[in-house]
Structure formats: C-alpha cells, structure tokens
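Protein chains in written order, with our numbering: chain A, 1 to 362; chain B, 363 to 724; chain C, 725 to 1086; chain D, 1087 to 1448. Below is one structure, written out as structure tokens; comments come after it.
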C-alpha cells in the first residue's frame, strides 16, 4: 500500500500542493487519547518558515479534524486531519516539461505519463509533510503520557556543528519551543549567517538532524524485517530530502573496533543499562531500554534561483532553466518536526503491536 | 507481518541457528524463471568464510528446494528453500543469562521472556541470512535477464578505502567471483593485514559496503512511504550489523550546496540522463534511470575473544565474561552478498508491482 | 490495517455519521482514468432512498474530490473523496447506553470503552458506505473501458423472487438506472407492497442480492488466501447487514452431486468456456473466464419503531426501548450499489496486481 | 501477499502435492505456548480418510517442527511446520492439458502459462490444508487455555440434517474425537449410507459445516474491513470446495422480519448477553460475547470416476475424460478440522492485535 504505512497504527496520506486539500488518515489509535488542537497547531508552526533563515512566505496551515475525535478525545476509529490549500491556481503547468534538477518532475512523468499534477510539485510537495506533522502530534502527545519523549536537534547545519545533547530534560524543553532547533547559541548564529550568505548567492545548504527518544521499554521491535532500525529508516527516508540515516554511532562504527563498538551491559538500580550507547538503544533490532539515537542527513533544497542545466522532457531538448518565485535556502530545521512525527508514528505502531490496541490511550 | 517483507513479491523467514532448519518462502515470483542451483550454491559460498580473513570453520549450507520449482523453473507458487542445520546441539544455553555485549541476548530476553532459543543466537543468528541469499539468488538471476545488474564492493574496510567503481561491467565480473569483494588489490592486501592484526588482538573490525545497480527503468518506486530509499533501507537495516544507510552522496550532501547536490538532466541519444549522480539514481523516491547507488555501514562483529563487562540478566549481577569458540574478526565482506540479495528482493518487488506478476519471468 | 483494504489498489475509510465529514482515500489507481463526476453522483443517488419504499428523508451526499484528480483524470496518486455531513448535531448521545438490538452500540462500547461517537451510529453508520460508492464509481468506470461490467439485482426481497438474469446487456442497462433493482415488474410491485405492509407494522424486511460480472479474463486471483472468493467475501462482509455470501450455486452445492456441481469445459470459437456455471466463474480461487456470479444475504434493517427488549449498558439494567425518528423498513435495494462498488474495488485490485499499475488507465 | 494471511499473527503456506514438502510458517505467536505434538498429530488424523466413508488410501502426514519451538514451547519467533511428501513421482503430467471439471487445471494454466506443477493438483491440492491444520492446532491449544473453544459439526451432509448443537461441552468433547463429525447417530448412519451409494454410482456428495466458538470476549474485531465476518470468511473461502459462508441465521435472515432478526440484549449475572443468537455473536463486525456461529457450504469433491465432458487446453479440443485412481466421494467431514484451524488462526490474530503479542502465551 503505497501511501499507507504502519501495521497496528497506520497513516494514509493524500493530497497535492495546489489541489483542494491535503491530509492524512490515522488508523488504529487507541480510544481516549486527548486531542490537543493547540499542540497540533504548535507543531505545524514549527514546520513553517518563521524566522530570518527562511522566506517571508507564510503557510498558515489551518487544519480540520474530519473524523475520529469526539468530545476532545480519540474515538479509536480513523482520525482524518485535512489541511485545505489556499493556493489552488498556479502557472507551474506553463513550465511543464522543464525538469527542475533534484526534483521529481522527470521521475513523476516517467511514472505517471503526464497525468501527474505539476502545480507546486503536486503530490511530491514538501507541503504534504504538514499532514504527517498534524497526525504525528497526536501520537507525540500520547507517548508523552507514557513518559516517552522525542527530541531532535540540528546536529550539523551548513557545515557547522551544534553541541551534543546534554541534560535531556532541559534540551527537550528548549527544542520544543525553538523553530530553529539548535542547542548552542553560537552555532545557531553561525548557521543563520551561512544561510543568509547562501541565499545571497542563490544557493542552498543542508544539515544533519539528530534524534533522541527516552523512556522506551526494552523488548520493542523485531529481529529481522521489522527491526526498529528497519521501520524507522523506512519512515525517515519517506521524508523528502533525507538521503542518509544512521543509528547510534552509525557510519563511524565502520571504522571502530569491536571493543569500541560494543556497549557493555551493567546493572543500575535493579535495571539493565549499557554504560555507553554506540548502538543507539537497539540490539538485534529490539530496544534495550536505553535512549534511542539516530541521525538523518538532509540534502540542501534543490530549488535554486539561478540558471541550471536541465532538459525539457516534453520536447526532448537540453535547456537552461531558472526558477522564479520564493524558495528557502535551508529546510533542514523545518524537517525536524517531520522527523519527530514519523518517529512517533513508528513507535506508536510498535507499542500498539506489543501491548495491544488500548495501550496508548490508557 | 514480522518475518514477512514485500508486497507483490514477498519473502518470509524462519529458523534458528541450532534448530532443525532455517529457510525462507519466496512468494509472488513470476512463473517460468529458471532456477540455477549452481548459482544459488555459488552465492551461498560467497556468504561463507573461505579465506584467511575468516575463521577456519566451514558452514556447508546445503539447501533443499522444497516447493515452487518444477522442471527447473519457478511455478509461480511459493518457493521454499530450506537449509538444514548440521549443528543442533550446543552448550550455549549453559551460559544463558550472560548477555554478550552488542548481541541480542538481553533484548531477546526482554521480548520473549526466556522462551527464546539461545543456542548460537537462535533466530537472531547471522546464519539466517543464508536463507535471504538463497532466495535472493533466484531474483538476481531473473533481474540479470532484464539487464539489471547489482554489484557491491567493500568501499571501506578496517579504515582503508577501496577504489571507486570504474568500468561497471568489468567490476561486476570481478566482484561476482571474489569472496573478498575489494576492487583494488593493494587495498585488499592492506585490509586483510588489518584483519589479521585485529584477530591477533582478539578484536574485530567493520566496513562500508557500496552498491550499484544498473539497468533499472525510470519510473519505479513511490513518492512517499514506498520510496526506493524507504524500501531499500527497510531491507538493508534488516541485515545484522548494518547501522547506517545512505543513498548517492548521502551524509556528504548535508555539507554540500544545492548547486553541488543537484544532478543536471541532459539528453543523451534520445534518453534523459543526469550528468552526475549525487542523488543515487532516485528523485522524489522514484528511479530516474541512472545507476542506483547506496552505501551501508557494517559495524564490527560483536563477538570478541576477550573479557568484557556485562550482566547476567537472570541473576541480575554485573559480571566479566569471555566468549569461547571460533569467531570471525570481520564480517563486512560476507554481508556483501546479503546486501545484493536484499536489493534484488526489493527491486523484484517494485518491478512486479509496476509491470505485473509475469514480468520477471517473461 | 483496520480501515484500509486492498493491496495494489487500496481504499481507506474515515468518518462518522454526524462528524464533520466522511470519506475515503483510494490509492494505487492507474494514472489517466477519466473521473466522471456525474456518474459518481448517479451512483450516490442509487444509494439514497428515493422512492415509496423508503423514508422521505433525503441525504444529498455532495462530494468533494480533495486530491488525485487533475484536469478530469486520475493522477495516479491518492484520490480522496470527502462527503461533508450536513447534520452534525444530534440527541443520540442522550440515549447513550441504551443498546439498540442488532446494532453495534454495545459492541462499540465493549471495544472503545465509551469514547466512541454514538451520534447516528458514528463510524458504524451505513452512511459511511457513501464513501465506498463514490470511490467505487471511479473503478467501475475504469473496468467498463476494459469491457468488464458489474450488475446486481435483488434476486429475492421480502420473500419474493425476482426472475434470474437473462440477456445480460439488457439487464445491465435496466439495472443501471433503477433505484429499486428488480428485473421483473410484478415481483417489484409485490416486494414494494410487502415493504409498505412491514412499514405499517413497524417492522423491516431483508433480501438477497445477486451479482454478475462479465468480461473478466481467465487467470485472475490466487490459489489460497487471495482466492477471488476470499477477497470478494472479505469486501462484501464489510458491508453492514450482509450476513451470508455464496458463489455460483453456493449453499445449493452442498446438496448437489459432483456430477451436477462440476461445470464441463468446452471449446467455443477457440476459447475455453464452461457449458454451465455452477461454480460462479471460479475454479481453485482463480477466474476461468466465465461470468463471475455470487449472492449476498442482507438482513432486515435492525432499526424498528416498536418497543424492544434490551439493556442500558451504562446502568446495567434491563429496559424496554422504542426508537424514534425516521427509519427505513428496507435497505437491501440500497445495498446493491455498495455491492457493485466493493466488487469493483476488489477486481480493480486483482487486475492491477496481475497486469501492473498502468493497466486500468491504459 | 498471496500465500500469507493475518496481521499480528500470520500464516504463510508453501508446497505442492508431489513436491518434496509442503508446510507453513506461523509468525507472531506469543512466546511460551506449549506445543503438543500429539495434539497436532491428532488433528492431522482428523483430516485423513480413516473410515468406511473414504478411500482406503492413507496419508500418514508425518510433520517436522523446523523452527520456533524450544524445549516444547513456542519461542515467539517464526514456527515452521514441514510435512514431507512421500509420493513425489506421478503420471499426472502425462495427462497435462486434460482439464478436470471443477478443478483448477485450466485456471492454473491460464495464470501460470504451463509452468505450474500439475502432479496431484500441485499447489492447489487439498493436501496443502495439512499445513493449515498442523499450525492451527497450536493456536487451538493456546485458545483453549483462554477458555475459548471451537467446535464444528457436519450440520448437513448428503442432504441429511444432523441435530443442532445442544450442550456445548458435551458436543465439543464428542466432536473432538470423531473423524466423522456428526452429533446424531442416526443421521450419521444415513449419511454414510448415502456416501457409499454415491461411491457405487461413481459420484460424490457435499455438505454444510456448522461452527460454534465459545468464550470469546466482547469487543474483538473491527467495524469495516476487518470485521469478524470479513476476516473469517476470507479464511474460510481459502479452503478448497467452500462455496458459501453465512453467520448466525445467515441466508435465512433475508427472509426474516427485523423483529425476528434482532437479538434482544439482556443482563445475566451482571453480564450483557443476548436472549437468542440470530446474528452469530457479532454486531457491527465486533464480537458481542455470545457464541460465534457460522456455516460453510462444501461442494461435492469434483474428482469423479466417470466419463466427463471437458477440453484439452493444450490441443484446444473437446474431449471426454475419465479419471483413474482412488478418489473420495465425500470430503466435507475432512474439511471440518480445516475450518477449525482457519477459525483459530483468525481469532488468534484478532486477539493478539487486541491484547498484544504476549496474550496467547500468558
């Protein structure tokens, strides 16, 4: 099922950037989960460009809870969130055939034979992630009540490193409110400077998002195809612009010795822990009760306000093409809340499988 | 479905290291695909330790085609390959409770409450990958007849780089026969030296596998959850010891500018190509007709013949524990054929979805 | 996935009777299928009470194509149809706890612990079938272009038999326009008379729907779990009030001899046919190229305007309870178009699996 | 996934009648379920012809537990049961092309283009149900420990009615041991007489199996596509020769009035019950805590030792064809244990979804 993901808890996506609406259906939610519309709105705000590092354009993203909520709580039946599009007309089809490099214009044509909606990227638009964020917010809320917390920061942006996670509770609180999710103020300032410089140069920049999840019990996930790494990477690579995912020390483990890569187990207050966490809280595909830790590489946004070589796949000619309009030179900070949301959806699914359909609402 | 993966073409795993048998059921295969038992055996050989870099132990891996093959060709009904285990008795349960660091002993206990089979790692054993290799071999053969070729080399091992892919046809031929899949002879010698040194030190080493797939048509894959990256990473992270996956330039794209990350489209002999391939042959989750390119980080094998700190999760005590027996100091080269196999299974699935159930057999 | 059904072509349901909207997401549709909004509206009309046999209440069922359609044709990406509810307020919750016999009030409470939306039956409302009809209409249109035609008549209603299918093309044309899908005029009059009598008696009646599908190629379906019977029955039993499904001669085959039950194969103009069709066009779970034939038993609507014994599951007391409001004494004729729609969704899925993702749009 | 069925608990089938082995992989089982090999063997015996009503042929059906069992209990990882075939050679392919009426010979050819294994029916053989029975036995055992009991009798055979279920505990005990599952001794004798007469006439007979399940909690199942009726019928129609399925009063409800069809709710010792059970223990697709009740129509076996009209689909000619060999004139009694097994698999899945992965093993 192409636009449906998840087993016990599943999400189904629909919509195009310039069609009437986009949205998602979240199915398998426990009954009785409080639906906090203000928190959904807050999460959608974190997905929007809202500071000097992004364009002035605003996407208000009002949302409608079409089903699955009654008296402020989930019913246990499918919850549909719909986000009406305010812009439904566009001149983009006038440029149809002119493949933007790094975009899906040409591959969409190869797959859909010209029937795809090209306006604003159609179904490929990053705007669709708003539906993931809105539904993810409900699961994030439910996980919090189980003392499971997800936080993501921009560990590296524009070639500049943020500091690592420190006191998780403090960092979590800080990141929850920050549209630009960097922990270190100097690093943040440097990144923003680099973004403005890239913007002036009609270019764009990428970064690495690092996520930590605390509070997961040991014993969640499966040995092979439904390993925590498998399911999370499946979800994370669904996010546009993500081109790499690593767990724990990830690619650095390729250069480590076994004696460095192994995390020694220890008893701590009657509980099994590991004394370090190079494996990201996962052994054999299953959570070990430590913090879940992973990183996503986000490529620079491909929309550049400069001339690029490409083709017109309708005429079959080589052309030079310059995009117009407003385009962000940086999107990795906006992808943060999408990463949090996809993480919540996967963990919500695994916990529902493990403990049954009422678990998240209890 | 925990041990079943795939949609139009699916694989279901079963088995433990020291149980009667392990194996896999491959369902959704087109009828009429020739089943080359010698090629299956060859692929299984590539998974075995067979040179000085690995232990002297031999796992002969004889296999039985239990169903789905008639007169040397696939029938179109489920194909079961079974690999009997020669060693079914083991003293491993005598050590039950002593969690090997980096292994799934503790997480299996957390999940299965002590009912898991601990002998030789049970269902978590890397030996189960033999079933993936055997079934993958059949799909690899079918893809070859469609001029789709998969090759993986050890791009980096023990901290030493192999040369990049050059002439693909030549490299493909070379790698197909090499148990130690390194293109550059000097790099190979250096890696083997490092492995022997690590072995002498009772330690282990990791590496990075790089895969290229040629011959895929444009237009395969889906925009969101079933993006080529999503499905491949799901499959690749199912392989034990894989802790990172990246497509195209991957994590390096996080540091690139958009003008560097974008791959310009060009017309070449009436066909759309890109003049470089930083995106690994995928735009918007869908193949663009260029070579598919990705890399997997393989952590060093966690089995070390040296004393390690850990716990006994039965008694709840901190202990020091030293493994005995034979253990490989390096497994990344063996994982190569598992990567090829999982890649074939995912691509076979996507092509069957796209073109129908007869496609791979035509 | 609880509210998602189908593999290559899937439908995801959402909505409650008195929430903001209900609808469905149809995913996996071929690109380029013409979307005929007038035909969708026509099909929705067939689902509405529109003659003397039903209540005077009208449900206008306006629909919105939220996604997946561009310039009048399917894009190949998810198509969402949303049907806003005009009545969102209700006094039904005032009666919460008083379980209507034959309804899901009590089982919903057992499953959702009181968090379910009780207004108008909530997610259990027959009104949700409008979403199935609207999405099914698009697939029905696509199948027609492949010369695959689905027709359902009320083979038995109120204890009165309709005549069997005769000339299929004529019967198909007749049924396509009739809100009360009975072929024989006398039988129709008798059924309508019986319905009015039942209404006067504050009671309700059921019937049997019989479906024929022509034009299917041989070789569609699977031997075991995805047999045509398995998938169709799964879909048909999803329709509220359906309590029996049989294929070909169905239950009558239990009393037949093998020599009567077998359908002899014959050559006819170079094509394999059967000289009769007791097996309903299916052998071994797979279509044999003959007309697909099956029947659904539809129980009488459980909403009765008379006093019934039941319980209040909130107070735990036995009570007598009399429904108020308008309720149809007969719904089997309205279920007809739901049966057609579910049949189209299943067949569209099987054909897409068999022939690939472009098939229905070609 | 064609030969995989189930969500939280799934079964994957493989095998042909005359290939090396057939079997099934059962995945998602709770850890710690005792595996009673004697009970598996007993269930397999019930599937075999073992009395005067069937042929003298014996299929010993020895089975091998290849994985998923350790020290007599399920591990929680995939459990593979394999049943080696003793007869692997056959002359059936000598008759290839001669389509047996009522069999899948022609539809298999239409689907698999001649690559199918024709020996003994290949993957379509009723013998494959042995794998369902063997795996189902394990789930039946686990359900019993939860006080959930499944019993099926031959409610009608050869046109003769058995008595209805009476005292369930007594009937359950009786049926558990009887190869010919008829409750009334006179009916049994009459049926057996009719079978022998049909045999003498080279003909075959069918019947209706009626199943009751006690002990299910209320609140299991889903409103729409995963209704208890939908999932059970999906599973039941996978059984060869089943051509009709009805729940509760089923087709008789089509002729009932609403006042007859509704089951009044009542309080009984603090628990909600219904005072009769015309709806078969299901309201709105969800269990209501009453006995689950359904019936399957089993057509007469199509293998007749008499001349039948058919075609040779290889030569394209009309022919008369007479089967040779031993063939049962009656199989409905043997299908009983397959119905019990499929029922257990579906209910085990629904309960695992509802209460989590440990539920059946606790």
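Every residue, glycine too, gets a C-beta built ideally from N, C-alpha and C. Just so you know, these numbers come straight off a predicted model, no measurement behind them.
Between the alpha carbons of residue 834 (chain C) and residue 1441 (chain D) lies a distance of about 14 Å. In the DSSP assignment, residue 140 (chain A) falls within the alpha helix (DSSP H) that extends over 129-145.
Going by DSSP, residue 395 (chain B) is part of no alpha helix (DSSP H) at all; its letter is neither H nor E.
Beta-bridge partners of residue 432 (chain B) (DSSP): B:435. In this structure, residue 1204 (chain D) lies away from residue 1422 (chain D), with their beta-carbon atoms at least 8 Å apart. The C-alpha of residue 112 (chain A) is placed about 29 Å away from the C-alpha of residue 136 (chain A). Collapsing the DSSP output to three states places residue 1308 (chain D) in coil.
DSSP places residue 696 (chain B) within a helical segment (H, G or I) once states are collapsed to three.
Within a 10 Å sphere around the beta-carbon of residue 1364 (chain D) sit 16 or more other beta-carbons, which makes this residue buried. C-alpha of residue 1375 (chain D) to C-alpha of residue 673 (chain B): approximately 46 Å in a straight line. With respect to the 8 Å criterion, residue 664 (chain B) and residue 465 (chain B) are classified as neighbours on the basis of their beta carbons. The beta carbon of residue 802 (chain C) falls within 8 Å of a beta carbon belonging to chain A, placing the residue at that interface. With contacts defined by Cβ atoms closer than 8 Å, residue 65 (chain A) and residue 83 (chain A) do not form a contacting pair. Partner residues in the beta bridge of residue 312 (chain A), as assigned by DSSP, are A:98 and A:317. Where residue 629 (chain B) is concerned, there is no enclosing alpha helix (DSSP H), although the beta strand (DSSP E) around it starts and stops at 627-630.
Counting the other Cβ atoms within 10 Å of the Cβ of residue 701 (chain B) gives 16 or more, which makes it buried.
Sorting D:1296, D:1447, D:1379 and D:1361 by C-alpha distance to the C-alpha of residue 825 (chain C) places D:1361 at the top. In this structure the region 973-987 of chain C does not lie against the region 1158-1165 of chain D, because fewer than three pairs of beta carbons, one per stretch, are closer than 8 Å.
Look at the region 113-126 of chain A: the residues with a C-beta under 9 Å from a C-beta of chain C are 113, 114, 115, 116, 117, 118, 119, 122, 123 and 124. According to DSSP, residue 156 (chain A) shares a beta bridge with A:161 and A:208. The region 506-514 of chain B makes contact with the region 573-587 of chain B; the number of CB pairs closer than 8 Å reaches 3 or more. For the C-beta of residue 1081 (chain C), the chain B residues within less than 7 Å are, from N- to C-terminus, 715 and 716. Between residue 207 (chain A) and residue 154 (chain A), the CB-CB gap stays under 8 Å. Residue pairing by DSSP places residue 1337 (chain D) in no beta bridge whatsoever.
Within the same chain, and ignoring the five residues on either side of residue 751 (chain C) in sequence, the residues whose Cβ sits closer than 6 Å to its Cβ are 734 and 802. In this structure residue 682 (chain B) is exposed. Its beta-carbon is surrounded by fewer than 16 other beta-carbon atoms within 10 angstroms. The alpha carbon of residue 45 (chain A) has as its nearest neighbour, out of A:157, A:127 and A:170, the alpha carbon of A:127. Between the region 281-288 of chain A and the region 225-235 of chain A, the count of C-beta pairs closer than 8 Å reaches three or more; the two stretches touch. For residue 1098 (chain D), there is no enclosing alpha helix (DSSP H); the residue is part of the beta strand (DSSP E) that begins and ends at 1096-1101.
Rounded to the nearest whole angstrom, the CA to CA distance from residue 186 (chain A) to residue 157 (chain A) is 12 Å.
Residue 1187 (chain D) has a beta carbon lying at 8 Å or more from every beta carbon in chain A.
Taking 8 Å as the upper bound for CB-CB distance, residue 719 (chain B) and residue 392 (chain B) are in contact here, some 6 Å apart. For the C-beta of residue 673 (chain B), the chain A residues within less than 8 Å are, from N- to C-terminus, 265, 266, 267 and 272.
Close to chain A, meaning a Cβ-Cβ distance shorter than 8 Å, are the following residues of the region 739-759 of chain C: 739, 740, 743, 744, 745, 746, 747, 749, 751, 752, 755 and 756.
A Cβ-Cβ separation of about 5 Å places residue 1432 (chain D) in contact with residue 1318 (chain D) under the 8 Å criterion.
Look at residue 237 (chain A) here: in three-state DSSP terms it is coil, with no helix or strand label.
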